[in-house]
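Numbering (my numbering), first residue to last: 432 to 1159.
As structure tokens, this is what we get:
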């Protein structure tokens, strides 16, 4: 029996875990790591089930090759040969412009996704890049890029020091936080209230987080930008601003805000004008305050405007880049920021002309690009840890489109609703066979912190996920050699030529020889740590892989501290309060003030014991309250004469769903959870708890225009009794 320590990879909270393994390597116990300086022993049901997920008997262990309707297990060499043949066949007939890649949410939670997805994309030589980002958070990346100069310069609420937190469209008691890495988010919110602070939650549902708050404000789905503009209008009109940073565009912002007075936006949001005014005054009057908004505001028609206005309010109240306000983390592996001004639309999708953002096209147009004939039609797709048939808008259409591809390869542990269309499935190693470092999530942490977990179990006779992706990149590029050594060489060659880098003028080969690690991934991590802001090559610290291995519980790197203006990479060198691309979309927002509103709209919801579709085959994480039901206000149930079930109809499809009447949801709003719809699945537990796919109802033709993000909240629907027959 052994006691080992590891970071939980199952959500964005990066909690430390203490695992008990028997002599055969099976997990017999999981508890929170009390010696982790960031999570301090916190654990949620997902983390407690890590062993069950790791040993899920339905996880694939060997590659599968599909021949007709039959799957055949093969060895790794044969599987990679099949991929090579498939790539060559499509390239010969259609060219590399017909290739595409889709990256799913779990890529954020793996070292393989962070280190090897980029090289794979470059090797494929395609601009057809899609990911879960445009089904989730792209509005925040675009607004941050336009305001601060880089899409990863994202401020997070300084939870442990703030005195007032306004939270919109977020439910961290169930999600554990998102774009805000904070283990024990519930405990941090309770501590905020315990020290006399105030928590206000704005949400169409009285979520578990809203129930914890000092105040819950109901709001009509998709109208957060109107509410935030009402707050901005009040701050400016009542001269409540305290701008402490160098900003550009204040006059243009003031002009735009004139059209969104609280009494004007009140009827659109459902939030009384006096409440909007009071929220503005409270934010301005608090000693330290922060506004934080998440997925409910991102996955809406005006998601980018909402995310922009969140940080506009933080700037206007003097709370951006200030302790207790919204601050910018400094992760241990942070590299140099490019100095070119951020922009989107460097290319556009072939069929609908949707603009690129961060090198990606909107997943909402993936089916268009597969179905529509012509030059550049997608004929080959590579998916990595994703299930877009369930997670993308109008998933039923995408399901049909994938069936017509010329070739598809999936790196995935499951045969699921998406990978069933692949010709080759390459299953990654088990969770405990992989090293773990949170490259992305630690850049969003509410306290600077770092931790690395080495693989706990041997690989036996299979490649790691990193090795799989590296091998695919080599196959796609047609080159041979050590991909990690090539990347290390390129990175160090650039670093030694960068003025003030800490290794300026040194020999790159000599530095490469100094790197530690048992794998290419570990050596790259060591390089990034040494070059990073706390690293032993930076001249400002002594951090390295060796240092992290000496501290298996992680290292506390201190509270967040002000980072502006040095972090800004805008053309002006200032915070841009009025980017032209966003002011252009404000006109569309104005037009929506008087638009006719649907009788019912659909929103999503999170479950504490679930993270999209990839945790529905673990028995402890399904059932109970974690169910696929339609939440609806009892008044709506009575008015429509519903009983037990209802039909939900949208522009794209119809579902029959069991009802869950509750007064925690606004009248006129219904809610379905995301990621279900496992009917017919070969995954035994998921099939028993199939639920319905909410994305049968969402419309791929509607996106947030500046970012291309899919719209999952505020979807117009009809609610009908199951016995009523109506014309479509």
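Glycine included, each C-beta is placed from N, C-alpha and C at the ideal position.
Query	Result
Residues bridged to residue 497 (per DSSP)	502
Local Cβ density within 10 Å of residue 610, reported as buried at 16 or more and exposed below that	buried
Nearest to residue 559 (by Cα), restricted to the options 799, 1142, 844	799
Residue 1062 in three-state terms, based on DSSP	strand
Where the beta strand (DSSP E) through residue 1097 begins and ends	Counting along the chain, residue 1097 falls outside any beta strand (DSSP E), and DSSP gives it neither H nor E.
Residue burial classification, residue 1097 (beta-carbon count within 10 angstroms, cutoff 16)	buried
Check: residue 575 C-beta below 7 Å from any heavy atom of the ligand FMN	Within the structure as shown, the ligand FMN is missing, as the structure has no ligands at all.
Exposure of residue 1153, with buried meaning 16 or more beta-carbon neighbours within 10 Å	exposed
Alpha carbon of residue 1134 to alpha carbon of residue 1104, nearest angstrom	20 Å
Start and end residues, alpha helix (DSSP H) containing residue 918	914–927
C-alpha distance - residue 586 paired with residue 641, whole-angstrom precision	22 Å
Residue ranges of each beta strand (DSSP E) within the stretch 1071–1124, 3 or longer	1076–1080, 1085–1092, 1100–1102
Cβ shell of residue 484 (< 6 Å), same chain only, five flanking positions each side left out	1049
Span of the beta strand (DSSP E), counted from its first residue to its last, around residue 988	986–989
Identity of the residue in 562, 1077, 1032 nearest residue 652 by Cα	1032
Local Cβ density within 10 Å of residue 718, reported as buried at 16 or more and exposed below that	exposed
Delimiting residues of the alpha helix (DSSP H) encompassing residue 667	655–668
Boundaries (first-last residue) of the beta strand (DSSP E) holding residue 1149	1146–1151
Beta-carbon proximity of residue 1146 to residue 578, cut-off 8 Å	no
Start-end ranges of the beta strand (DSSP E) lying completely within the stretch 525–587, minimum 3 residues	530–534, 560–562
Backbone secondary structure at residue 514 - three-state DSSP	helix
Delimiting residues of the beta strand (DSSP E) encompassing residue 811	811–815
Exposed unless 16 or more other CB atoms sit within 10 angstroms - verdict on residue 752	buried
C-beta contact flag for residue 602 and residue 442 at 8 Å	no
Cα-Cα separation between residue 890 and residue 862, rounded to whole angstroms	11 Å
Under the three-state DSSP convention, the category residue 696 falls into	helix
Own chain partners of residue 790 with C-beta closer than 7 Å, once the 5 adjacent residues on each side are dropped	560
Minimum C-alpha distance to residue 1107 - residue among 1038, 1081, 1151	1038
Selected residue, minimal CA-CA separation from residue 554, among 930, 532, 538, 541	532
Pairwise C-alpha distance: residue 1017 and residue 687	8 Å
Beta-carbon spacing of residue 864, residue 894 below 8 Å	no
Entirely enclosed beta strand (DSSP E) segments - the stretch 797–875, minimum 3 residues	811–815, 838–842, 855–857
Backbone secondary structure at residue 616 - three-state DSSP	helix
Assigned exposure category for residue 574 - 16 Cβ within 10 Å defines buried	buried
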